[in-house]
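Residue numbers (this note's numbering), protein chains in the order written: chain V, 131 to 415; chain W, 409 to 501; chain P, 466 to 852. Even for Gly, the Cβ is constructed at its ideal location relative to N, Cα and C. Here's the structure, in structure tokens; my notes come after.
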Amino acid sequence: MSQVEKPTVVPLEHPRESLLREERLPHIWCSGCGIGTALNCFIGALERSGLPLDKVAIVSGIGCTGRAAGYIKLDSFHTTHGRAIPFATGLRLANPELKVVIFSGDGDLIAIGGNHFIHAARRNIDMTVICVNNFNYGMTGGQAGPTTPAMAKTATSPYGNSEHPFNLPYLAAASGAVYVARWTTLHVRRLERALTEALLKEGFSFVEVISPCPTYFDRMNRLGEGLDMMKFYRESSEIAHGLDPRKADIDLGGKIIVGKFIDIEKPTYLDFQQEIQARMEGEPS
Amino acid sequence: MNYWRKPLDIERIKLPRGKVYLIEERCKGCNFCIEFCPVGVLAASERFNAKGYHLPYPQNEEACTNCGLCEVICPEFAIYSLPRDGKEEEPRE
Amino acid sequence: MGRKKSPVSEGILKGEFFMSGDIACAEGALSAGCRFFAGYPITPATEIAERMAERMPQLGGVYIQMEDEIASMNAVLGASWGGLRAMTATSGPGFSLMMENLGLGIMTETPCVLVNVQRGGPSTGLPTLVGQGDMMQARWGTHGVYEIIALSPSSPQEFFDLTVRAFNLAEKYRIPVLVMADEVVGHMTERVVIPEEVPYFPRRKPNFPPGDYSSFQPGEDLIPPMANAGEGYHIHVTGLTHDERGYPVTDEITQERLVRRLVEKIRGYKKDIIILEEKGVEGAEVVVCSYGISARVGLWAVELARREGIKAGMLRLLTVWPFPQERIREVASKVKAFVVPEINYGQIALEVERSTGGRAEVIPISHMGGGLYEPEDILKAIRKAAR
Chain V
131 MSQVEKPTVV PLEHPRESLL REERLPHIWC SGCGIGTALN CFIGALERSG LPLDKVAIVS
191 GIGCTGRAAG YIKLDSFHTT HGRAIPFATG LRLANPELKV VIFSGDGDLI AIGGNHFIHA
251 ARRNIDMTVI CVNNFNYGMT GGQAGPTTPA MAKTATSPYG NSEHPFNLPY LAAASGAVYV
311 ARWTTLHVRR LERALTEALL KEGFSFVEVI SPCPTYFDRM NRLGEGLDMM KFYRESSEIA
371 HGLDPRKADI DLGGKIIVGK FIDIEKPTYL DFQQEIQARM EGEPS
Chain W
409 MNYWRKPLDI ERIKLPRGKV YLIEERCKGC NFCIEFCPVG VLAASERFNA KGYHLPYPQN
469 EEACTNCGLC EVICPEFAIY SLPRDGKEEE PRE
Chain P
466 MGRKKSPVSE GILKGEFFMS GDIACAEGAL SAGCRFFAGY PITPATEIAE RMAERMPQLG
526 GVYIQMEDEI ASMNAVLGAS WGGLRAMTAT SGPGFSLMME NLGLGIMTET PCVLVNVQRG
586 GPSTGLPTLV GQGDMMQARW GTHGVYEIIA LSPSSPQEFF DLTVRAFNLA EKYRIPVLVM
646 ADEVVGHMTE RVVIPEEVPY FPRRKPNFPP GDYSSFQPGE DLIPPMANAG EGYHIHVTGL
706 THDERGYPVT DEITQERLVR RLVEKIRGYK KDIIILEEKG VEGAEVVVCS YGISARVGLW
766 AVELARREGI KAGMLRLLTV WPFPQERIRE VASKVKAFVV PEINYGQIAL EVERSTGGRA
826 EVIPISHMGG GLYEPEDILK AIRKAAR
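Quick look at the structure:
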């Protein structure tokens with residue numbers, strides 16, 4: 131590597147700058163972590179969606195992914211651990227003009243926030259939930275979580291994890307989500323498209339983003355650097371659109387089923403509310 | 409043996425040309441852009457930024473088609489491409 | 466529900482009614498402009514939720530039953546940032562579940578109202594019977610350094626009035642306000658007069674364009690104006706220690722600046738926030754200091770004492786937090802003793818004791834919950850103190 135290196139730095143603006151709180155960059159995520167890529171794709175999806183961006187609000191919980199809200203230059207809320215979804219529910223119902231997006235991690239949304247997740251899906255509240263799944267709690271140092279594969283090593287499962295993980299697309303679908311997809315941080319184009327679809331879907335839409343955690347999960351399980359994980363996704367991902375999500379389990383080191391699993395129509399919470407309102411107005415008092 | 413089909417309009421279509429830009433201080437040296445550039449524009453350089461991360465550089469800039477993959481796969485919002493000369497090609501959507 | 470049918474203009478009740486405290490609370494909220502209620506059924510606060518479920522759709526407001534009280538509190542915070550006046554109502558166990566996100570509301574300066582119709586505890590305790598054991602939890606229940614506003618009604622009318630006041634204080638000082646009622650006040654049915662108009666303190670909106678706005682830049686009065694979501698201000702709101710832009714800065718200096726302001730913006734306005742009701746305090750030898758339903762029993766005991774010729778007075782706390790320590794201290798230098806009846810093992814009594822600074826004796830009258838004092842219990846203490 132003794133080539134002549136051409137300077138490539140120019141004082142131009144990154145094309146996504148207008149939606150970033152650029153004064154806060156570089157962000158806190160580690161080298162090789164995929165959360166930034168997921169955020170990058172999400173910003174692309176926001177632009178593609180054509181949504182009026184002043185009416186888009188981002189809500190995050192706590193954890194590495196929970197910091198995402200702090201980097202997006204839109205109305206953004208960094209709430210408490212696990213509570214992004216109920217906070218977003220209040221926001222959405224108070225102002226039906228808003229498009230509300232929850233951008234958070236697997237531990238936040240599915241462990242401590244798991245109850246809120248299933249109930250928001252059941253109600254079919256109009257919101258998009260983006261869950262970056264890195265199979266452990268990164269912020270606190272790599273502890274086991276609700277998506278940690280069985281037998282995987284983490285800071286709190288040093289001999290291997292003796293719990294089964296949640297299969298998130300299956301959980302979301304079973305709870306009532308009308309749109310369910312999973313991609314990895316390698317599948318940037320497909321991920322961006324899926325996020326766009328999810329943003330434009332009425333009702334509870336859910337996109338899981340499988341991401342490397344090179345500092346903790348990948349290191350403790352000897353899976354390599356972030357780049358190695360990305361290569362692993364290239365080799366081990368299997369696209370299976372329309373697959374019954376119960377078949378989308380993820381085992382340690384096993385293949386990763388990706389694709390769009392669910393895309394259905396169902397009345398949303400606000401649809402029912404409007405129907406009730408119409409009935410009340412139609413009734414003679 | 410390969411049986412690639414040749415597109416009928418291959419003679420008429422100009423390949424888009426792009427140029428890669430790097431915001432050095434944001435780069436954390438993950439090498440995603442280098443690995444996944446479909447046409448091998450980027451390579452790791454020996455230069456590093458203030459935080460000690462080795463930066464990518466365009467060793468084969470002529471090959472850049474402005475596909476923007478580096479831009480979207482970069483977790484750091486540190487790299488992007490723009491159309492070169494900006495005239496013969498429209499920017500990507 | 467109403468004994469008298471009153472004209473309903475735009476769905477808000479006006480006139481004279483015979484209603485329970487819980488219903489009065491709900492109607493007070495509606496009169497105050499509350500248009501979002503999130504809750505979870507719990508005795509003895511359920512009637513508030515049921516009333517809201519019936520009334521909100523009539524007024525174009527939102528009622529949602531959440532999956533638990535944690536979710537309810539968060540939905541209320543979200544709704545407030547969505548631009549609505551929002552509240553939740555609960556009792557002991559639910560109050561405990563709301564504590565963490567009460568802290569989020571304080572840290573993010575989110576106006577909202579949290580009603581606690583107290584029952585006997587700890588734990589599931591006495592779901593259908595009275596208690597006042599959550600008074601210190603109201604003050605210190607969420608972690609960290611902060612001030613809080615808590616009001617305590619002694620009657621259905623006051624439950625109505627103080628709920629209205631809670632909404633206005635919440636907007637004025639950008640803080641969650643607690644209404645600490647109790648099972649007896651919640652369930653008792655009395656005459657409630659709903660006025661033509663109630664006081665209304667509107668949200669403090671930024672009067673400058675989005676570009677110049679820092680979400681948490683306070684004015685001289687220490688309170689920042691509040692842009693709602695969807696107004697183009699691109700606010701950032703976090704429970705982390707944050708700077709004036711709302712961005713997380715987790716260091717000692719920022720913590721000092723932010724948290725000191727959060728405390729001072731309440732302490733500095735105690736005169737405006739605190740309301741007390743005093744009867745015969747001037748010239749009294751013994752003062753009964755109480756709140757909620759206990760204060761009503763206390764007042765009767767004061768009456769009985771006066772009939773016996775004892776110079777007794779009543780100091781009723783309508784605002785419990787911030788605590789009126791200045792007034793208590795003032796009174797303490799003129800009286801022999803305070804008698805403090807409450808349905809717990811001495812919570813506000815400790816505050817009274819602290820405030821007197823040893824100038825007067827403080828006699829707590831404790832009751833573990835499930836019922837009320839006999840006025841005689843309090844009277845005995847008054848007699849003893851007067852001797």
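Shown here, residue 233 of chain V sits in a strand according to DSSP, grouped into three states. Close CB contacts of residue 360 of chain V within its chain, under the 6 Å cut and outside five residues either way in sequence, are with 316 (chain order). Taking a contact to require three or more Cβ pairs closer than 8 Å, the segment 700–718 of chain P and the segment 737–756 of chain P do not qualify as touching.
Within chain V, 220, 223, 224, 403 have C-beta atoms less than 9 Å from the C-beta of residue 527 of chain P, given in sequence order. Proximity to residue 493 of chain W across W/470, W/457, W/434 peaks at W/470, based on C-alpha coordinates.
When the beta-carbon positions are compared, residue 270 of chain V and residue 178 of chain V stay at least 7 Å from each other.
Excluding the 5 residues flanking it on each side, residue 593 of chain P has same chain C-beta neighbours closer than 8 Å at 508, 509, 584, 648, in chain order. With contacts defined as CB atoms closer than 7 Å, residue 387 of chain V and residue 368 of chain V qualify as a contacting pair. Residue 313 of chain V sits away from residue 319 of chain V, with the two beta carbons spaced by 7 Å or more.
The beta carbon of residue 456 of chain W lies closer than 7 Å to those of 462, 463 in the same chain, with the five residues before and after it left out. If you draw a straight line from the Cα of residue 636 of chain P to the Cα of residue 216 of chain V, it comes to about 22 Å.
A Cβ-Cβ distance of about 4 Å is found for the pair residue 491 of chain P and residue 516 of chain P, placing them in contact under the 8 Å criterion. DSSP places residue 263 of chain V in the strand class (E or B) of the three-state scheme.
Non-local beta-carbon contacts of residue 479 of chain W in its own chain, meaning distances under 8 Å to residues more than five positions away in sequence, involve 487, 488, 489 in chain order. Among the residues facing chain V, residue 701 of chain P is included, as its CB has a counterpart in that chain under 7 Å away. Secondary structure within the segment 261–341 of chain V: the beta strand (DSSP E) runs of 3 or more consecutive residues, fully enclosed, are 309–314, 334–340 (chain order). Within 7 Å of the CB of residue 440 of chain W, the CB atoms of chain V belong to 357, 360, in sequence order along the chain. Going by C-alpha positions, residue 158 of chain V is about 19 Å away from residue 430 of chain W. In the DSSP assignment, residue 780 of chain P falls within the beta strand (DSSP E) that extends over 777–782. Scanning chain P for C-beta atoms nearer than 9 Å to the C-beta of residue 407 of chain V yields 522, 525, reported in chain order.
The beta-carbon of residue 547 of chain P is placed less than 7 Å from the nearest beta-carbon of chain V. Not one beta carbon of chain V lies nearer than 7 Å to the beta carbon of residue 419 of chain W. For residue 682 of chain P, the three-state secondary structure derived from DSSP is coil. By the beta-carbon neighbour count (other beta carbons within 10 angstroms, threshold 16), residue 408 of chain V is exposed. When rounded, the separation of the alpha-carbon atoms in residue 433 of chain W and residue 153 of chain V is 12 Å.
Residue state for residue 393 of chain V is assigned as strand, using DSSP reduced to three classes. For residue 840 of chain P, the enclosing alpha helix (DSSP H) begins and ends at 840–851. At a cut-off of 7 Å between beta carbons, residue 425 of chain W makes no contact with chain V. Beta-bridge analysis with DSSP links residue 577 of chain P to P/641. Close to chain V, meaning a Cβ-Cβ distance shorter than 9 Å, are the following residues of the segment 429–461 of chain W: 429, 430, 431, 432, 433, 434, 435, 436, 437, 438, 439, 440, 442, 443, 444, 451, 452, 453, 454, 455, 459, 461.
Selection V/308, V/405, V/344 evaluated against residue 263 of chain V yields V/344 as nearest (Cα-Cα).
For residue 716 of chain P, no beta strand (DSSP E) run applies, since DSSP gives it neither H nor E. Counting only runs of at least 3 residues, the segment 513–587 of chain P fully encloses the following beta strand (DSSP E) elements, listed from N- to C-terminal order: 527–530, 550–555, 577–585. For residue 754 of chain P, the enclosing beta strand (DSSP E) covers residues 751–755. Excluding residues up to 5 positions away in sequence, 812 lie with their Cβ nearer than 6 Å to the Cβ of residue 601 of chain P in the same chain.
For residue 208 of chain V, the chain P residues whose C-beta falls within less than 8 Å of its own C-beta are 701, 702, 703, 704, 705, 713, listed in chain order.
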